[in-house]
Structure formats: structure tokens, C-alpha cells
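Protein chains in written order, with this note's numbering: chain X, 3 to 351; chain U, 34 to 554.
Note that CB positions come from ideal geometry on N, CA and C, so glycine has one too.
Read the structure below first, then the notes.
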């Protein structure tokens, strides 16, 4: 068996293989659903209904998609420049820490001043968390997969330390949680009384900005050049190390916005269960989107859809909600396979 | 049957009506070829003429759409890579397929042992190898590791590998590309012994005088068809070149140079090793209106020199001067700002970014200038215009400026690089292996452009492993060996043989201490 590269994939082929990938994931999940003793059609219908069947379900899906858009963008930007940022989880938590540090009363100014200040501070903190591994990579050749991955554990334990110490809410009945942020630091809800907040709008705008950076700017051009062929980029005079550092700052900043938006828009305080692995799921989202910033929005909604829908389905069909993890994982695998098939043709010999 | 009685000799290989299509492209169109016992047949053709496809079909990597292959009168199973080997056809690839960390003996015997007999009878193997080596003049120490061998020795190992597997038909793909003139002579000597023993050889090449020197017959391929076949006695290089190109061969018009002042100089420059030897205190001057040719066997420091000039490899000591001014912190940006145009050795790895478009690639050096960007935003319209201009001026064949560069042929990629490097009339031009792997037409085009640049006053350094190219284009020649440079010689001052002696490491700038050790690190 050999792989022969194809010319640039047409739109029809791209869409066709994407559809095949989804079909493959559905078939694979169906088998598992049947093993769990339920009817796949019922289960998929319940997932869909649970994720998009009612206004509440749709808003819940979009709420869940918001942090995934941020982490998905963070990963997409980094991967485009071949900076393997596996540490979006750490950057997310650092963003959340900055939000509670500044948002719980340290600064008391009106919202239109406070929220941007917190945002910038959170982004800076997240950016710095990724800058370390990026500099280690460019200076000493340290593998950033290892450093960013391990930083996740360091940062989460650090947050745990903060929540047991300096950031612990004195009124929290002993729970490891921070004080609640003040009203001026809160991102308003889009519809009063519902959970969907302006963090979602911020996420969409961010996706647009990232798309613009990648497509139109000098920096985006440099990042893509470095990602596709660092040696040729260096030869052409592109400052490869500096580009990687800038990529790290953008990527870390985007991931930190996920933490900011979760605390300021949804939770109101910081706990250790702020993120059920949004940083890691961001990798799935970015890969499903083929690293396209606008695709990240769709992919994040798709993944959120499955997670939200699976919760509802689990209650109705008595199939464990872990099936959501399987569905997301199998769609990633089929999508990655489909991406390869879009670019290569298999010759059987 | 008797060998050597001309046309009546036993036929060992017959390809009949081989046709292979890839989509719309017919790579091989009804190609027929026969090879007799004890015969050397040259397969001549430009890049893309179909030589490689034909050999891939013979070796079962592709299946022909039409046509049959017979080896020693028996049909060869299609699409089975082992079939050709088992039938006694061996191939020596241009890029060697040796396990570098293993010994010569292990490399030769690798894969010949049945898995049921895991322990090699080293004594018998060694005796066989020694006998083959002695019979055919392929001297090489079976216990040396491949990394210790020179390129010429590695090629001998490849040939021994084929002979050890009882090959009766040997296919040599561009075998002289990496050899010094003396090594070429030795190879030809070996080939004569092989055919005298009744082996048959297919000699794939584009060097006409070599074909004339060793072959009995020539088959010329052009765009997938047999353009002609000749007995060597009834043809000459001019005739073959015309068959190969299909029209009058474009000839390099080299007028005498009018050298001016020194535009670029390196003084006692040293570097770390890169792609072979590093530079060892070399001094080099490039004058306006002059092409300086740098000859040498690959791996002797050419890569380090090119990288040092291009700005990707910092000097560990010594200086670079532009217009007499010492440059500090030399890097690609400084090189470009000093009007230095660079044609890199490896189009795919360093020259172009395959997964980006033509337009994105042609601006990769000049994108920070006001021409292609304003306030950090790329002017894609200007980039597209520039790409279209290069495509038109340099006759680049590509679907559009938005096509991915990966889809372009080597020649067209090189034209893009030329267009990018020569844009803005650079004062100094570094041309590193600018014609490697290109077809005759593209080679002539690159040469023409370089001479044009010279005549308008550019100082050019031409690095090439092709001595013919160096000798025909260069106004001055220096030879590199183990990171050192020879004294320069004027056009025609040294013969090819004398250059060969320098290439082997005798008579370098820093005295003769390099000795006779010709191994590339």
C-alpha cells in the first residue's frame, strides 16, 4: 500500500470526505450504543433533541461551545505555526486566576473599564505561560509537547494552592473556591435569565480576528510559512524564532480568554472544576476544523452539541453519557483519516 | 551461446510496447527496448522524459497499462518488486540505499538470508565479496562502516550488492553524478570488465560524452516516447542532443567577462560543519561582472559555504565584506538588504514552501518591504502581480499564481526561485547547484540568466558538482575540498584532470596537510 499525493483538494472532495468522516463516526458509535442495549436511531435523535431541540438546549450548547472556541482557536493558531501547544488547559486556568485576582474587588471601576483591563491581564498571563515553553523550544530545542503538557499539571496544582490559600473565599465554608467576582467584572448575559453570555460574542469576534490575522497580515503569513517549512522560512529571512514567540503569545492569550469568559460570564468564581478538559478538547476542535479559525466555531459547536445532547440522552435512554466522549473521539479519528484521504490517494499494490 | 557477436547476441531483456498513463499524462508511450548479453545500452533523456517511470515499471513499482517485459526470454510478473530482482536485474540508484551505521559486508548481504537461517555464514560471504571485488576492480574493505566510505566507495558497495544477488542485468541511474573524474574512469573500467563477463548494463544518463565513452547503443527518450535509437559508432553528441531535446540544442553563449571590483569577499572564514565539512579559514573574492565557479565533490563544505553566504550559518571566525565593508551579524535579511540574490541548493527543502502558493512563495524574501505590505497587512494584489510577472518573464508553467508550489515541476520551481532571486538586479548572486535535476532546456535557461546577470555587472558564485557546467560558465574556478579552497584558476587554465586532483584534496589554501584522505565527514 502506498500513498500518492493529490493536487489541491476541491471543495466537493473536502465536503464529501467530511460527510464520510461523520458517517464513519456515526456507524462506529452506533455499534457501541447497540452494545449498551439501546437503539442507535433513538439515541442519536435524543442527542440531537437534547442539544438543539429547544431554545434552552440551543443556548446551553452555545454556552458550552464558548470556551471550546477559545481553546480551539488557541490550538489552531499554534499548530498552524507547528508550535504544539498541548497546554491550553494551563493557560485557561491562568486566565481564570487573573480574572478573580482583579475581579473580586482589587479594582473597583465601572464595567467598561474593568472588563477590558481584566481581559488584557488574563491574556498577558496566559501568553507568558506559553512563552516559556516556546523560548525553551527555540533556544534549547526542548520539545514543547512535553513542556506544555507537564505545565498543565503544575499550573492546576498551583491553582489548587491558591484556592487553599491566598485566593480562598473566607465565606466559602471551607471549600477550595475563590471569592465571587464583583458585578462590574461580570460579562452580561445575552438574554436575561439565560446562561448564554457575551463571552460567546467575544469568541465569535476572536475567531474573526484570528482569521484576519492568519489570512491578511504579515504575522499570519510568517506563521504559516514557519509552520509549513521552517527551513525555507529561515532561508527567506523570516525571523523564525521571533515568529514562534509571537505565535505563543497569541495562542496563550486566546486560551486564557476561555478561563476569563468562563469565570466572568458563567461561573462567577474560580473552582478546580472550572474546566472539564476544555484545553484538551480544544485540540480536537482545532483538528476537526482543519486549523481554520472560522471552522473552529463550527467544530466547537459540534463538539458542544454532542456533550450537551449526550447528557439529555443519557437520562432518557439509560445509555452512559460517556458515549459522548466516544462520539467525539471517533469523529476526530475519522476526520483526521478523511483529511489524509483528501490530500493523498491510496494505491494498493 | 557466444557473447559479443553483435546483433545476434542472446537477448536478456525485452520491453515491448510499454505504455503508462497517469490521468491525462502519458509518461511512457509504447516504449520498446531490448538489451543483449554483454551490451551497454544508454537510456538518455531529459528529466521527465519517462526514464524513471520505465525503470519503476521494470522493478514492479508501477504496473504498465500496456506492454510486456521479458527477462531472459521469460515474461516478468507485473507489479511485483521482487520479480525483477529474482530474475537477475539489479539497480544502482542515484541516491544510495545503504544502511549508514552498518558495515559493508552487512549492507551487501542484507536481505539475502532466509529468515530460517538467521546466522550469516560470514566467511563464505566475505570470500564471495572479495572475489567479486577483485574480478571487477571494486576494491572496498568489507569491514568498514558505510559512514567511513567516500561517495565513490559507496557506489562500489551498491554495485557489489547487485552482483552479490547474482544480477546479470545492471541498471545504473546517473552513476557519475557524484563522482570525481578519476572515480568516473574507475567506474567505466569496472563496467568494461562486467560486460566482458557477459553482464548487460543499462546506463541512465544525461551526460552525452559519457554515453559516447562507455555505451554500445543509445536509446533516447523524449516526452514518454522513444525519440530514436542509435549505435554508438553512427552518432555523435550533437546528434544525440538534438534527439533528446527535439530541436537544436540551446547552446550557452559565453562571452569573455569584464571583471570589475570586488563586490563580495570572505576572509579567513570558518564555520561549524553543515551538510558535510564546515569551512576552514577560507578566503574568497567575487568580482563584478565575473562568474566564479566552485567545483568539488559533494559534502566537502559547499553546503556550509552556501549557507554562510546566504546568512543561515553564522561564521565562527573570519569576516564577510560587501563593497569592502565588513558586515556584522550577517543573516538572510542583511544579505537581502545588501542586494545579494540567493539560489539555494535544495529547491524543495530551502527554496520554496511546497504547501504555499506561487504568490506566497515569490514574496517570501521581500514581504516586509513597502512593496508587499503596509502597516503589517500584506498587499495580496501586489503579490499576485509580482507572481504573474515572474510567471510571464520566466515562462513558468503553472495553472495560476494561486497554485500550490508542490505541484510544479523542478524546472518551474527553479524558475520561480530565479525570478525571486534576480528581482531587483542583485549585485552579488549565490547560485548553489542551480541546475541540479533540471532538463536540458531549463539548464540552458538558467545558464542564460546567470550570464545575463554577469554581463550587467553582478558578481556570481556558481557552486556545482558538475565539472562541465563549472568549466563552461566560470570565468574563474576555485576547488573546494574538506572545507578548504584552492587558489583560483582562470578559464581553461586547468584541465579537468587537474581539477580532479584538487577535488581529491591536494593543493588547498592552507597548505597540503589535508593529505590524501578524501573521505567526506
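Buried or exposed (CB count within 10 angstroms, at least 16 for buried), residue i
i	result
residue 447 of chain U	buried
residue 143 of chain X	exposed
residue 342 of chain U	buried
residue 320 of chain X	exposed
residue 194 of chain U	buried
residue 86 of chain X	buried
residue 269 of chain X	buried
residue 57 of chain X	exposed
residue 234 of chain X	buried
residue 155 of chain X	exposed
residue 17 of chain X	exposed
residue 495 of chain U	buried
residue 45 of chain U	buried
residue 426 of chain U	exposed
residue 79 of chain X	buried
residue 101 of chain U	exposed
residue 145 of chain X	exposed
residue 38 of chain U	Summary for residue 38 of chain U: the model assigns pLDDT 44, below 50, so the residue's position carries little reliability, and this model does not support an answer.
residue 320 of chain U	buried
Inter-residue CB distance, residue i and residue j (contact presumed, cutoff 8 Å)
i	j	result
residue 261 of chain X	residue 96 of chain X	7 Å
residue 75 of chain X	residue 209 of chain X	6 Å
residue 304 of chain U	residue 359 of chain U	Contact flag wrong, Cβ pair sits at about 17 Å.
residue 214 of chain U	residue 529 of chain U	5 Å
residue 455 of chain U	residue 374 of chain U	6 Å
residue 184 of chain U	residue 202 of chain U	24 Å between Cβ atoms; not a contact.
residue 261 of chain U	residue 253 of chain U	5 Å
residue 233 of chain U	residue 68 of chain U	5 Å
residue 449 of chain U	residue 394 of chain U	6 Å
residue 1 of chain X	residue 91 of chain X	Since the displayed chain X opens at 3 and closes at 351, residue 1 of chain X lies outside it and no answer follows.
Residue nearest to residue i in terms of C-alpha spacing, selected from the options
i	options	result
residue 201 of chain X	X:189, X:210, X:193 and X:212	X:189
residue 491 of chain U	U:462, U:499 and U:478	U:462
residue 302 of chain U	U:271, U:264 and U:354	U:354
residue 31 of chain X	X:277, X:335, X:263 and X:191	X:335
residue 317 of chain U	U:298, U:307 and U:363	U:298
residue 329 of chain U	U:272, U:537, U:92 and U:265	U:537
residue 23 of chain X	X:285, X:330 and X:38	X:330
residue 99 of chain U	U:296, U:362, U:122 and U:111	U:111
residue 236 of chain U	U:103, U:221 and U:378	U:221
residue 507 of chain U	U:424, U:373 and U:325	U:325
residue 47 of chain X	X:322, X:339, X:315 and X:323	X:315
residue 419 of chain U	U:232, U:398 and U:49	U:398
Chain U residues whose Cβ lies nearer than 7 Å to that of residue i
i	result
residue 353 of chain X	The requested residue 353 of chain X does not occur in the structure, where chain X is confined to residues 3 to 351.
residue 346 of chain X	Near residue 346 of chain X there are no residues of chain U at all, since even the closest Cβ is about 12 Å away, more than 7 Å.
Proximal residues of chain U, C-beta to C-beta of residue i below 8 Å
i	result
residue 220 of chain X	400, 401, 406, 409, 410 and 411
Chain-ordered chain X contacts of residue i [CB-CB under 8 Å]
i	result
residue 386 of chain U	227, 230, 231, 234 and 235
residue 369 of chain U	239
residue 299 of chain U	The contacting residues do not exist; residue 299 of chain U stays about 19 Å from chain X at best.
Partners in chain X for residue i, counting only beta-carbon separations shorter than 7 Å
i	result
residue 383 of chain U	233, 234 and 237
Within chain X, the residues that residue i reaches when beta carbons sit closer than 9 Å
i	result
residue 345 of chain U	233, 236 and 237
residue 467 of chain U	Near residue 467 of chain U there are no residues of chain X at all, since even the closest Cβ is about 15 Å away, more than 9 Å.
residue 446 of chain U	What residue 446 of chain U touches in chain X: nothing, since even the nearest Cβ is about 11 Å away.
residue 377 of chain U	234 and 237
residue 88 of chain U	Those do not exist, as residue 88 of chain U stays about 16 Å from chain X at its closest Cβ, beyond 9 Å.
residue 135 of chain U	Going along chain X, no residue has its Cβ under 9 Å from residue 135 of chain U, so there is no contact; the nearest lies around 26 Å.
Partner residues on chain U for residue i, Cβ-Cβ distance less than 9 Å
i	result
residue 324 of chain X	Near residue 324 of chain X there are no residues of chain U at all, since even the closest Cβ is about 38 Å away, more than 9 Å.
Chain A contact for residue i (CB, 7 Å cutoff)
i	result
residue 223 of chain X	Here the protein chains are X and U, and chain A is not one of them.
query = Are the segment 243-258 of chain U and the segment 50-63 of chain U touching by the rule of at least three beta carbon pairs closer than 8 Å?
reply = Contact check between the segment 243-258 of chain U and the segment 50-63 of chain U: three or more CB pairs, one atom from each, fall below 8 Å, which counts as touching.
task = Answer yes if the segment 242-260 of chain X comes into contact with the segment 208-224 of chain X, meaning at least three C-beta pairs across the two stretches below 8 Å, and no otherwise.
result = Counting Cβ pairs under 8 Å, three or more are found: they touch.
query = Counting pairs of beta carbons, one from the segment 183-199 of chain X and one from the segment 62-76 of chain X, are three or more of them closer than 8 Å?
reply = Touching, yes.
task = Check whether the segment 429-443 of chain U touches the segment 382-390 of chain U, counting contact only when three or more Cβ pairs, one atom from each stretch, lie closer than 8 Å.
result = Yes: the two stretches touch, three or more of their Cβ pairs being nearer than 8 Å.
request  = Flag this pair as touching only if the segment 171-180 of chain X and the segment 110-124 of chain X have three or more C-beta atom pairs under 8 Å; answer yes or no.
outcome  = Taking 8 Å as the limit for Cβ pairs, the verdict is that the segment 110-124 of chain X does not touch the segment 171-180 of chain X.
task = Say whether the segment 67-82 of chain U touches the segment 257-277 of chain U, bearing in mind that this needs 3 or more beta-carbon pairs closer than 8 Å, one atom from each stretch.
result = Enough Cβ pairs lie closer than 8 Å, so yes.
message = I'd like to know if the segment 100-111 of chain X and the segment 227-239 of chain X are in contact, where contact means that at least 3 CB-CB pairs between them fall below 8 Å.
response = Proximity of the segment 100-111 of chain X to the segment 227-239 of chain X falls short of the contact definition, fewer than three beta-carbon pairs being nearer than 8 Å.
query = Would you say the segment 189-205 of chain U touches the segment 133-145 of chain U, given that touching needs at least three Cβ pairs under 8 Å?
reply = With a cut-off of 8 Å, the segment 133-145 of chain U and the segment 189-205 of chain U count as touching, because enough Cβ pairs lie within range.
key: Segment contact, 8 Å Cβ cut-off, at least three pairs: the segment 106-120 of chain U with the segment 266-273 of chain U   = With a cut-off of 8 Å, the segment 266-273 of chain U and the segment 106-120 of chain U do not count as touching, because too few Cβ pairs lie within range.
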